Amino acid sequence: MTSPDILCIGSVLWDIIGRTDTSLRARGDVAGRITRIPGGVAMNIAMTLARFGLRPAVLTALGTDGEGDELIAAAQSLGVATEFALRTPDLPTDCYMAIEDATGLIAAIADAHSLEAAGDAILLPLADGRLATPAAPWAGPIALDGNLTAELLTEIATSPLFTAADLRIAPASPGKAERLIPVMRHPRATLYVNRQEAGLITGHTHASAAEAAEALVAAGAARALVTDGAHPAADAARAAPVLIHAARPVQARRITGAGDTFMAAHLFAETRGATRDEALARAQAAAAAYVAFEDFQP
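Numbering (full-length UniProt numbering), first residue to last: 1 to 298.
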(Lines of atoms letter the chains of each structure in order from A and count residues from 1; the text may use other names and numbers.)
(Lines give C-alpha, C1' and ligand atoms only; values in the text may rest on other atoms or scores of the structure.)
Protein backbone atom coordinates (compact mmCIF):
# COMPACT_ATOMS: atom_id res chain seq x y z
CA MET A 1 0.00 0.00 0.00
CA THR A 2 1.36 3.43 -1.00
CA SER A 3 1.38 5.98 1.79
CA PRO A 4 -0.92 8.95 1.11
CA ASP A 5 0.45 12.46 0.55
CA ILE A 6 -2.40 14.12 2.38
CA LEU A 7 -5.32 13.18 4.62
CA CYS A 8 -8.77 14.65 4.05
CA ILE A 9 -10.91 14.31 7.17
CA GLY A 10 -14.64 14.93 7.11
CA SER A 11 -17.59 14.48 4.80
CA VAL A 12 -17.63 12.00 1.92
CA LEU A 13 -21.14 11.67 0.55
CA TRP A 14 -23.35 11.86 -2.51
CA ASP A 15 -24.08 15.33 -3.89
CA ILE A 16 -27.53 15.58 -5.48
CA ILE A 17 -27.59 18.91 -7.30
CA GLY A 18 -30.33 20.47 -9.41
CA ARG A 19 -29.18 23.26 -11.74
CA THR A 20 -31.05 25.54 -14.09
CA ASP A 21 -29.81 28.41 -16.27
CA THR A 22 -32.95 30.44 -15.57
CA SER A 23 -34.06 32.20 -12.41
CA LEU A 24 -36.01 30.25 -9.82
CA ARG A 25 -36.93 33.45 -8.04
CA ALA A 26 -39.36 34.30 -10.84
CA ARG A 27 -41.05 30.88 -11.11
CA GLY A 28 -41.20 27.67 -9.11
CA ASP A 29 -40.87 24.92 -11.71
CA VAL A 30 -38.23 25.16 -14.43
CA ALA A 31 -36.25 22.89 -16.74
CA GLY A 32 -32.76 21.92 -15.67
CA ARG A 33 -30.41 19.07 -14.85
CA ILE A 34 -30.20 16.90 -11.73
CA THR A 35 -26.94 15.10 -11.06
CA ARG A 36 -25.62 12.74 -8.41
CA ILE A 37 -21.85 12.89 -7.97
CA PRO A 38 -19.32 12.13 -5.21
CA GLY A 39 -19.13 15.12 -2.89
CA GLY A 40 -18.67 16.44 0.61
CA VAL A 41 -15.97 18.92 1.59
CA ALA A 42 -13.29 16.31 2.32
CA MET A 43 -14.11 14.40 -0.85
CA ASN A 44 -14.17 17.50 -3.04
CA ILE A 45 -10.72 18.46 -1.81
CA ALA A 46 -9.42 14.91 -2.19
CA MET A 47 -10.77 14.56 -5.75
CA THR A 48 -9.16 17.84 -6.80
CA LEU A 49 -5.81 16.92 -5.25
CA ALA A 50 -5.91 13.51 -6.93
CA ARG A 51 -6.56 15.20 -10.27
CA PHE A 52 -3.50 17.37 -9.63
CA GLY A 53 -1.37 14.26 -9.07
CA LEU A 54 -1.29 13.82 -5.28
CA ARG A 55 -2.27 10.67 -3.36
CA PRO A 56 -5.04 11.71 -0.95
CA ALA A 57 -6.76 9.44 1.56
CA VAL A 58 -10.08 10.16 3.26
CA LEU A 59 -10.90 9.61 6.93
CA THR A 60 -14.67 9.57 7.13
CA ALA A 61 -17.72 7.44 7.90
CA LEU A 62 -19.65 5.57 5.20
CA GLY A 63 -22.48 3.12 5.48
CA THR A 64 -22.18 -0.47 4.34
CA ASP A 65 -25.27 0.13 2.19
CA GLY A 66 -25.32 0.14 -1.59
CA GLU A 67 -24.76 3.91 -1.69
CA GLY A 68 -21.62 3.48 0.38
CA ASP A 69 -20.30 0.70 -1.84
CA GLU A 70 -20.90 2.85 -4.92
CA LEU A 71 -19.19 5.82 -3.31
CA ILE A 72 -16.13 3.76 -2.35
CA ALA A 73 -15.84 2.49 -5.92
CA ALA A 74 -16.25 6.00 -7.35
CA ALA A 75 -13.64 7.45 -5.00
CA GLN A 76 -11.11 4.76 -5.82
CA SER A 77 -11.65 5.25 -9.56
CA LEU A 78 -10.81 8.94 -9.05
CA GLY A 79 -7.55 8.18 -7.25
CA VAL A 80 -8.79 8.74 -3.67
CA ALA A 81 -7.71 6.12 -1.11
CA THR A 82 -10.58 4.85 1.01
CA GLU A 83 -9.01 2.01 3.01
CA PHE A 84 -8.89 4.16 6.17
CA ALA A 85 -12.58 5.11 6.01
CA LEU A 86 -14.89 3.79 8.74
CA ARG A 87 -17.74 1.64 7.40
CA THR A 88 -20.78 1.66 9.68
CA PRO A 89 -23.46 -1.02 9.15
CA ASP A 90 -25.90 0.71 11.50
CA LEU A 91 -25.78 4.10 9.77
CA PRO A 92 -26.63 5.12 6.17
CA THR A 93 -24.25 6.86 3.80
CA ASP A 94 -24.64 10.64 4.06
CA CYS A 95 -25.89 12.91 1.27
CA TYR A 96 -26.21 16.57 0.28
CA MET A 97 -28.93 18.19 -1.80
CA ALA A 98 -28.67 21.62 -3.44
CA ILE A 99 -30.58 23.73 -5.93
CA GLU A 100 -28.71 26.30 -8.03
CA ASP A 101 -30.02 28.73 -10.63
CA ALA A 102 -28.47 31.46 -12.77
CA THR A 103 -28.00 33.65 -9.68
CA GLY A 104 -26.20 31.03 -7.60
CA LEU A 105 -27.15 28.74 -4.73
CA ILE A 106 -30.85 28.89 -3.87
CA ALA A 107 -31.05 26.31 -1.08
CA ALA A 108 -29.20 23.29 0.26
CA ILE A 109 -29.57 20.59 2.90
CA ALA A 110 -26.61 18.62 4.20
CA ASP A 111 -27.36 15.26 5.84
CA ALA A 112 -24.08 14.42 7.60
CA HIS A 113 -25.68 12.60 10.53
CA SER A 114 -23.64 9.42 10.07
CA LEU A 115 -20.35 11.33 10.11
CA GLU A 116 -21.44 13.17 13.24
CA ALA A 117 -22.58 9.94 14.93
CA ALA A 118 -19.25 8.23 14.17
CA GLY A 119 -17.38 10.91 16.13
CA ASP A 120 -13.71 10.32 16.89
CA ALA A 121 -13.86 6.73 15.62
CA ILE A 122 -12.91 8.08 12.17
CA LEU A 123 -9.56 9.21 13.63
CA LEU A 124 -8.48 5.72 14.73
CA PRO A 125 -5.95 5.25 11.87
CA LEU A 126 -4.05 8.25 13.26
CA ALA A 127 -3.66 6.50 16.63
CA ASP A 128 -3.36 2.77 15.94
CA GLY A 129 -0.25 2.81 13.73
CA ARG A 130 -1.92 2.48 10.34
CA LEU A 131 -1.06 6.12 9.60
CA ALA A 132 0.48 7.41 12.82
CA THR A 133 0.49 7.13 16.61
CA PRO A 134 0.29 9.68 19.45
CA ALA A 135 4.05 9.27 19.93
CA ALA A 136 4.75 9.67 16.20
CA PRO A 137 1.93 11.88 14.90
CA TRP A 138 1.12 12.50 11.26
CA ALA A 139 3.51 15.22 10.05
CA GLY A 140 2.05 15.97 6.62
CA PRO A 141 -0.86 18.09 5.46
CA ILE A 142 -4.39 17.42 6.69
CA ALA A 143 -7.52 18.97 5.19
CA LEU A 144 -10.19 19.13 7.89
CA ASP A 145 -13.81 20.07 7.31
CA GLY A 146 -16.48 21.64 9.48
CA ASN A 147 -18.99 18.82 9.07
CA LEU A 148 -17.36 17.26 12.13
CA THR A 149 -19.13 18.02 15.39
CA ALA A 150 -18.13 21.01 17.48
CA GLU A 151 -17.02 18.61 20.22
CA LEU A 152 -14.70 16.68 17.89
CA LEU A 153 -13.23 19.85 16.40
CA THR A 154 -12.53 21.13 19.92
CA GLU A 155 -10.85 17.81 20.76
CA ILE A 156 -8.70 17.97 17.61
CA ALA A 157 -7.49 21.47 18.57
CA THR A 158 -5.44 20.05 21.46
CA SER A 159 -5.05 16.40 20.44
CA PRO A 160 -1.51 14.96 20.31
CA LEU A 161 -2.53 13.28 17.05
CA PHE A 162 -2.45 16.70 15.30
CA THR A 163 0.53 18.43 16.91
CA ALA A 164 2.84 17.93 13.90
CA ALA A 165 0.29 18.29 11.09
CA ASP A 166 0.04 21.08 8.55
CA LEU A 167 -3.64 21.59 9.33
CA ARG A 168 -5.87 23.16 6.64
CA ILE A 169 -9.41 23.88 7.80
CA ALA A 170 -12.55 24.53 5.77
CA PRO A 171 -16.12 25.16 6.98
CA ALA A 172 -18.89 23.02 5.58
CA SER A 173 -21.28 25.96 5.37
CA PRO A 174 -21.91 29.35 6.99
CA GLY A 175 -24.18 27.61 9.50
CA LYS A 176 -21.26 25.54 10.77
CA ALA A 177 -18.54 28.21 10.62
CA GLU A 178 -18.55 28.93 14.35
CA ARG A 179 -17.62 25.31 15.06
CA LEU A 180 -14.14 26.16 13.78
CA ILE A 181 -13.26 28.74 16.44
CA PRO A 182 -11.35 26.36 18.78
CA VAL A 183 -9.47 24.49 16.06
CA MET A 184 -8.58 27.61 14.02
CA ARG A 185 -6.32 28.58 16.95
CA HIS A 186 -4.17 25.50 16.43
CA PRO A 187 -0.62 26.88 15.99
CA ARG A 188 -0.15 25.05 12.67
CA ALA A 189 -3.58 25.73 11.21
CA THR A 190 -4.60 27.63 8.08
CA LEU A 191 -8.27 28.61 7.91
CA TYR A 192 -10.17 28.88 4.59
CA VAL A 193 -13.51 30.70 4.72
CA ASN A 194 -15.61 33.11 2.69
CA ARG A 195 -16.37 36.65 3.85
CA GLN A 196 -19.76 35.69 5.29
CA GLU A 197 -18.26 32.81 7.28
CA ALA A 198 -15.47 35.05 8.54
CA GLY A 199 -18.07 37.48 9.86
CA LEU A 200 -19.89 34.71 11.70
CA ILE A 201 -16.65 33.65 13.36
CA THR A 202 -15.54 37.16 14.36
CA GLY A 203 -19.02 38.47 15.14
CA HIS A 204 -18.60 41.45 12.80
CA THR A 205 -19.46 42.40 9.23
CA HIS A 206 -16.37 42.98 7.10
CA ALA A 207 -16.23 45.18 4.01
CA SER A 208 -13.63 43.08 2.20
CA ALA A 209 -11.82 39.76 2.29
CA ALA A 210 -8.64 41.51 3.43
CA GLU A 211 -10.41 43.11 6.38
CA ALA A 212 -12.00 39.77 7.27
CA ALA A 213 -8.71 37.87 7.06
CA GLU A 214 -6.99 40.40 9.33
CA ALA A 215 -9.85 40.13 11.81
CA LEU A 216 -9.56 36.33 11.92
CA VAL A 217 -5.84 36.56 12.71
CA ALA A 218 -6.61 39.11 15.41
CA ALA A 219 -9.16 36.62 16.79
CA GLY A 220 -6.51 33.93 17.16
CA ALA A 221 -6.05 32.26 13.78
CA ALA A 222 -2.43 31.67 12.84
CA ARG A 223 -3.33 32.18 9.19
CA ALA A 224 -6.57 32.85 7.33
CA LEU A 225 -7.54 32.89 3.67
CA VAL A 226 -10.84 34.57 2.84
CA THR A 227 -12.69 34.45 -0.48
CA ASP A 228 -15.40 36.85 -1.58
CA GLY A 229 -17.01 35.49 -4.73
CA ALA A 230 -16.16 37.68 -7.70
CA HIS A 231 -14.24 40.11 -5.48
CA PRO A 232 -10.56 39.82 -4.41
CA ALA A 233 -9.50 37.05 -2.01
CA ALA A 234 -7.01 37.64 0.80
CA ASP A 235 -4.33 35.79 2.78
CA ALA A 236 -3.44 37.07 6.27
CA ALA A 237 -0.91 35.54 8.65
CA ARG A 238 0.75 36.51 11.90
CA ALA A 239 3.78 38.76 11.43
CA ALA A 240 3.31 38.84 7.66
CA PRO A 241 1.78 41.30 5.18
CA VAL A 242 -1.80 40.77 4.04
CA LEU A 243 -1.98 39.65 0.41
CA ILE A 244 -4.90 40.13 -1.96
CA HIS A 245 -5.60 38.79 -5.44
CA ALA A 246 -8.44 39.69 -7.76
CA ALA A 247 -10.89 37.12 -9.09
CA ARG A 248 -11.07 36.57 -12.85
CA PRO A 249 -14.52 37.59 -14.14
CA VAL A 250 -16.41 34.54 -15.41
CA GLN A 251 -19.96 33.45 -16.04
CA ALA A 252 -20.79 31.24 -13.05
CA ARG A 253 -22.28 27.93 -14.18
CA ARG A 254 -21.95 26.09 -10.85
CA ILE A 255 -21.30 27.11 -7.25
CA THR A 256 -21.25 24.01 -5.02
CA GLY A 257 -17.62 22.98 -4.47
CA ALA A 258 -15.95 26.25 -5.56
CA GLY A 259 -14.51 26.96 -2.11
CA ASP A 260 -13.21 23.40 -1.82
CA THR A 261 -11.49 23.79 -5.20
CA PHE A 262 -9.91 27.07 -4.06
CA MET A 263 -8.54 25.37 -0.94
CA ALA A 264 -7.26 22.30 -2.79
CA ALA A 265 -5.49 24.38 -5.44
CA HIS A 266 -3.93 26.62 -2.80
CA LEU A 267 -2.74 23.66 -0.74
CA PHE A 268 -1.36 21.89 -3.81
CA ALA A 269 0.55 25.00 -4.88
CA GLU A 270 2.17 25.33 -1.47
CA THR A 271 3.16 21.66 -1.39
CA ARG A 272 4.99 22.37 -4.65
CA GLY A 273 6.93 25.31 -3.20
CA ALA A 274 4.80 28.23 -4.39
CA THR A 275 5.10 31.52 -2.52
CA ARG A 276 2.08 32.89 -0.66
CA ASP A 277 1.33 35.26 -3.53
CA GLU A 278 1.71 32.55 -6.19
CA ALA A 279 -0.47 30.11 -4.25
CA LEU A 280 -3.23 32.70 -3.80
CA ALA A 281 -3.18 33.51 -7.52
CA ARG A 282 -3.41 29.83 -8.48
CA ALA A 283 -6.24 29.23 -6.06
CA GLN A 284 -8.23 32.14 -7.50
CA ALA A 285 -7.60 30.87 -11.03
CA ALA A 286 -8.73 27.35 -10.09
CA ALA A 287 -11.93 28.60 -8.45
CA ALA A 288 -12.78 30.75 -11.48
CA ALA A 289 -12.21 27.83 -13.85
CA TYR A 290 -14.34 25.57 -11.66
CA VAL A 291 -17.41 27.82 -11.54
CA ALA A 292 -17.13 28.43 -15.31
CA PHE A 293 -16.85 24.66 -16.07
CA GLU A 294 -13.39 25.21 -17.58
CA ASP A 295 -10.34 22.96 -17.47
CA PHE A 296 -7.66 23.97 -14.99
CA GLN A 297 -4.07 22.77 -14.73
CA PRO A 298 -2.27 23.72 -11.49
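Heads up, the beta-carbon is just placed ideally off N, CA and C, and yes, glycines get one too. Because the structure is a prediction, the values reported are computed rather than measured.
Within the stretch 208-236, the complete alpha helix (DSSP H) segments of 4 residues or longer fall at 209-218, listed in chain order. A residue is called buried once 16 or more other Cβ atoms fall within 10 Å of its Cβ, and R223 is buried on that count. Here P134 is exposed: its Cβ has fewer than 16 other Cβ atoms, across all protein chains shown, within 10 Å.
By the 16-neighbour rule on beta-carbons within 10 angstroms, R238 is exposed. By the C-beta criterion, the stretch 93-105 is judged to be in contact with the stretch 54-74, since at least 3 inter-stretch pairs fall below 8 Å.
Looking at the DSSP output, N147 sits in no beta bridge, so it has no partner there. For V193, the secondary structure class from DSSP, reduced to helix, strand or coil, is strand. DSSP places H245 within a strand segment (E or B) once states are collapsed to three. With a threshold of 16 other beta carbon atoms within 10 Å, F84 meets it and is buried. Remark: C-beta atoms of D228 and R195 approach each other more closely than 8 Å. The alpha carbon of I201 has as its nearest neighbour, out of A165, R254 and A177, the alpha carbon of A177. For P171, the number of other beta carbons within 10 angstroms of its own is at least 16, and it is reported as buried.
In this model, M184 and I142 are separated by some 13 Å (Cα to Cα). By the CB criterion at 8 Å, A198 and L216 fall inside the cutoff. Ranked by Cα distance from G104, the first of I17, A118 and T82 is I17. Going by C-alpha positions, L191 is about 21 Å away from A110. For A252, same chain residues with a beta-carbon under 6 Å away, outside a window of 5 residues either side, are V291 in chain order.
Rounded to the nearest whole angstrom, the C-alpha separation of F262 and F52 is 13 Å.
Taking a 10 Å sphere around the C-beta of H231, we find fewer than 16 other C-beta atoms and assign the residue as exposed. For E100, the secondary structure class from DSSP, reduced to helix, strand or coil, is strand. The stretch 29-94 is shown to contain whole alpha helix (DSSP H) runs of 4 or more residues at 41-52 and 66-77, in chain order.
Linking A209 to R282 through their CA atoms gives a straight-line distance of about 17 Å. For the pair P89 and L7, the Cα-to-Cα distance works out to about 23 Å. For R276, the enclosing alpha helix (DSSP H) begins and ends at R276 to V291.
With contacts defined as CB atoms closer than 8 Å, V193 and V226 qualify as a contacting pair. Contact between A288 and V250 holds, with the beta-carbon distance rounding to 5 Å and staying under 8 Å. Here D120 carries a helix assignment [DSSP, helix/strand/coil]. For I9, the enclosing beta strand (DSSP E) covers residues I6 to I9. Separation of L267 and A57 (C-alpha to C-alpha, rounded to the nearest whole angstrom) is 15 Å. V12 is a Cβ neighbour of T60, given a cutoff of 8 Å. Around the beta carbon of E294, fewer than 16 other beta carbons lie within 10 angstroms, which makes this residue exposed. For A170, the uninterrupted beta strand (DSSP E) segment begins and ends at D166 to A170.
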